[in-house]
Amino acid sequence: MNRALLAAALCSTALPAVAEEVNIYSHRQPELIQPLLDAFTKETGITTNIAFVDKGMAERLQAEGDRSPADIVLTVDIARLKQIVDAGVVQPVQSDVLDANIPEAFRDSADQWFGLTARARIVYAHKERVADGAVTTYEDLADPKWKGKICTRSGTNDYNVALLSAVIAHHGVDAATTWAEGLKANLARKPDGGDRDQVKAIWAGECDIAIGNTYYMGQMLNDPEQKAWAESVRIVFPTFENGGTHMNISGVAMTKSAPNKDAALKLMEWLSSDEAQRIYAETNHEFPVKPGVPVSELVASWGTFTPDALPLSEVSGHRADALKIMETINFDG
């Protein structure tokens, strides 16, 4: 075969397609997001590989550097998104799809992270021991009338640090310190366990109100051992005196190394789509961030509220001060 025929033969030979994939480091338990990943793969043909990283996400990505296999990071909290941004292990993502689907309040002003679902930090109140309207604001939680009546998880837990960061954003460091001291003085017991453990404590008569995330109500109602805990309380959506109900998010960011950048962007955009937001709402009992996507029937039954208008990028900027306050007042002591 002469050279011309050989070249033509080579050009006509189809090369095997390289399968696309996305590698994910996740703070979220894999079973919570697997339905989403399965739906994404079914629709796009792109394979997903997930590694659960409970702690040390930023440190792991820093240690791996350019060799990291991770394309995207999924987190459970604005504070953790802030941590990975501050660690310099993610990159900005410009996407008209993400900008259109995700409201400005739920994404980073520098495009380094994007919220995927929202949850409210609310009060669980005993149905009989706490009257309707007894708690209306976060500021109420520091009122001495609740002395010995409140349960919460550790003050240095990311969810409580984020709430205190929002208090700082609304009222300043000094007022937030006074508030945290008042909340500590009202605790019925030393902070311990997760949000569901606080509801269990209400059911057991150890306290009357607790601070927690909304979606735990759905999880408890679906667990035969915990259903009685959930049925002993009602959800109250407090507001700030000069704002709305504190919201937190689960979110996504693209790593700086991202070996599969194009496929990773496809997944990020898909997670903000109507279909993905519907799956989030139905399976995880969370609030979709994309406007127009309805909440689940169960979540709707908890009532309506006005989300706080402060951008989470502003709230997250107070994380260091919030953590310092919790440690200085020895909130967990």
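Using the working numbering, the first residue of the sequence shown is number 33, and each one after it goes up by one. C-beta atoms are modelled at their ideal positions from N, C-alpha and C, and glycine is treated no differently.
Does DSSP put residue i in a helix, a strand or coil?
| i | result |
| --- | --- |
| Val205 | helix |
| Arg161 | coil |
| Gly97 | helix |
| Tyr368 | Outside the displayed range of the chain (33 to 365) lies residue 368, so it cannot be described from this structure. |
| Arg228 | helix |
| Pro270 | coil |
| Leu196 | helix |
| Ile78 | coil |
| Leu342 | coil |
| Tyr57 | strand |
| Gly187 | coil |
| Gly349 | coil |
| Arg139 | strand |
| Arg151 | strand |
| Thr210 | helix |
| Val331 | helix |
| Pro124 | coil |
| Pro176 | helix |
Please report the distance separating the alpha-carbon of residue i from that of residue j.
| i | j | result |
| --- | --- | --- |
| Asp118 | Arg139 | 15 Å |
| Val327 | His317 | 8 Å |
| Asp353 | Ala262 | 33 Å |
| Arg99 | Gly283 | 23 Å |
| Glu346 | Ala137 | 9 Å |
| Gly97 | Thr210 | 41 Å |
| Lys179 | Ala201 | 25 Å |
| Gly204 | Cys183 | 24 Å |
| Asp172 | Thr107 | 30 Å |
| Ala102 | Lys322 | 26 Å |
| Leu113 | Val122 | 10 Å |
| Glu63 | Thr73 | 16 Å |
| Thr338 | Phe272 | 11 Å |
| Phe319 | Pro270 | 17 Å |
| Leu215 | Asp128 | 43 Å |
| Cys239 | Lys181 | 5 Å |
| Val155 | Gly244 | 6 Å |
| Lys298 | Glu75 | 11 Å |
| Met300 | Thr80 | 12 Å |
| Ile134 | Lys259 | 33 Å |
| Leu68 | Asn55 | 14 Å |
Does residue i pass the burial test, meaning 16 or more other C-beta atoms within 10 Å, or should it be called exposed?
| i | result |
| --- | --- |
| Pro223 | buried |
| Gly120 | exposed |
| Ala51 | exposed |
| Asn362 | exposed |
| Ser58 | buried |
| Ser289 | buried |
| Arg351 | buried |
| Phe146 | buried |
| Asp175 | exposed |
| Asp86 | exposed |
*Are there three or more Cβ pairs, one per stretch, closer than 8 Å when the stretch 158-176 is compared with the stretch 258-275?*
Three or more Cβ pairs drawn from the stretch 158-176 and the stretch 258-275 lie within less than 8 Å of each other, which places the two stretches in contact.
*Is the stretch 181-201 touching the stretch 276-291, taking contact as three or more C-beta pairs under 8 Å?*
Touching, yes.
*asked:* Going residue by residue through the stretch 270-302, where are the continuous beta strand (DSSP E) segments of at least 3 residues, counting only ones entirely within it?
replied: If only uninterrupted beta strand (DSSP E) runs of at least 3 residues are considered, those enclosed by the stretch 270-302 are 279-287.
*Are the stretch 88-95 and the stretch 306-313 in contact at 8 Å, needing three or more beta carbon pairs?*
The stretch 88-95 makes no contact with the stretch 306-313: fewer than 3 CB pairs, one atom from each, lie closer than 8 Å.
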